[in-house]
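Numbering (the numbering used here), first residue to last: 1 to 269. Input: a single structure, listed below in structure tokens.
The following block contains the structure:
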């Protein structure tokens, strides 16, 4: 319930300015029209899109998709007084629980969709979360800002739509983390709070195509499949049955081998 209320905070703030207005049943308030998420799994983002990092350096999204490393990507805005900070805190908590390390097995990039935000704000935000993370030297982390055309191109490729609300001077948006493969393909959408550590790990391992993670992760990915309705990995019955069938064959083969060996010994005597 608490998580649901947190997710609704920006929408509640949008509606608070006109509590007397009556809306038809199931109608979408005008302030929320055009805001949401259209999943585009399997699509590719433009890795040549140019942004500015927290140091003021011009970078491309493709710069973070090297050496076979997947990318955890979020679209936020750094001055957000409610949802963005809460969501970034949730991501930070999940990353601290993860035994994969940012900068080693994968990279993390936050992109501001507010074209008015500049690198000094991004730098301050990065410092807070790198310090909170407490591992590594901050490499693999980037907080980017950019111009409106590039921001819109990236958000469009991800299916992310947002809208400025002039009544309370805030952007209306949803919060989602995107897992991107090393070749720029959208592999997974991670929605809602809290962010599940196992789901995050398996999503990154899957996007890394076996180049990160260990044998345990490979077995887990065989037994579990991502369920979009639950936003997490759940047991995949068919593969469990395959494992059960394989084990049954092994047990039967071992029994028959022992039986044959015993019969062979008896006939020799």
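Glycine included, every Cβ here is placed at the ideal spot set by N, Cα and C.
Checklist line | For residue 163 and residue 66, the rounded distance between their alpha carbons | finding: Reading the chain shown from its first residue, position 66 is the one you call residue 66. Reading the chain shown from its first residue, position 163 is the one you call residue 163. C-alpha separation (whole angstroms): 32 Å.
Note to self: Per DSSP, what are the beta-bridge partners of residue 60 in this structure?
What the structure shows: Counted from its first residue, the chain shown places residue 60 at position 60. 50, per the DSSP bridge assignment.
Next item on the list: Could you tell me whether the segment 158-175 touches the segment 54-70, using the rule of 3 or more Cβ pairs below 8 Å?
Entry: no
Next item on the list: Report yes if the C-beta distance between residue 76 and residue 145 is below 9 Å; otherwise report no.
Entry: On the chain shown, residue 76 is found 76 positions in, with the first residue counted as 1. On the chain shown, residue 145 is found 145 positions in, with the first residue counted as 1. Between residue 76 and residue 145, the gap from beta carbon to beta carbon reaches 9 Å or more.
Margin query: Which residue wins for smallest C-alpha separation from residue 133, given the options 179, 43, 205 and 89?
Written below: Position 133 of the chain shown, counted from the start, is the residue given in the question as residue 133. Nearest option by C-alpha distance: 89.
Check: At a cut of 8 Å, does the segment 108-124 reach the segment 135-155 through at least three beta carbon pairs?
Finding: yes
Next item on the list: Apply the 10 Å Cβ neighbour rule to residue 201 and answer buried if 16 or more other Cβ atoms are within range, or exposed otherwise.
Entry: The residue given as residue 201 occupies position 201 in the chain shown. By the neighbour-count rule (16 or more Cβ atoms within 10 Å), residue 201 is buried.
Margin query: Residues in the same chain with beta-carbon distance under 6 Å from residue 54, minus the five sequence neighbours each way, listed in chain order, please.
Written below: Within the chain shown, residue 54 is the residue found at index 54, counting from 1. Excluding residues within five positions, the ones whose Cβ falls inside 6 Å are 119, 122, 123, 126 and 143.
Note to self: Short of 6 Å in beta carbon distance, which residues of its chain neighbour residue 103, apart from the five on each side in sequence? Order them along the chain.
What the structure shows: For the purposes of this step, residue 103 is identified with residue 103 of the chain shown, where counting begins at 1. Closer than 6 Å at the Cβ level, and outside the excluded window around residue 103, lie 136, 139 and 140.
Next item on the list: Alpha carbon to alpha carbon, how far is residue 91 from residue 209? Give it in angstroms, no decimals.
Entry: Taking the chain shown and counting its residues from 1, the one referred to as residue 209 is at position 209. Taking the chain shown and counting its residues from 1, the one referred to as residue 91 is at position 91. When rounded, the distance between both Cα atoms is 22 Å.
Notebook entry, point to check: So residue 187 packs on residue 176, CB below 8 Å; how close in whole Å?
Noted result: Against the chain shown, residue 187 aligns to sequence position 187. Against the chain shown, residue 176 aligns to sequence position 176. The Cβ separation is near 13 Å, so there is no contact.
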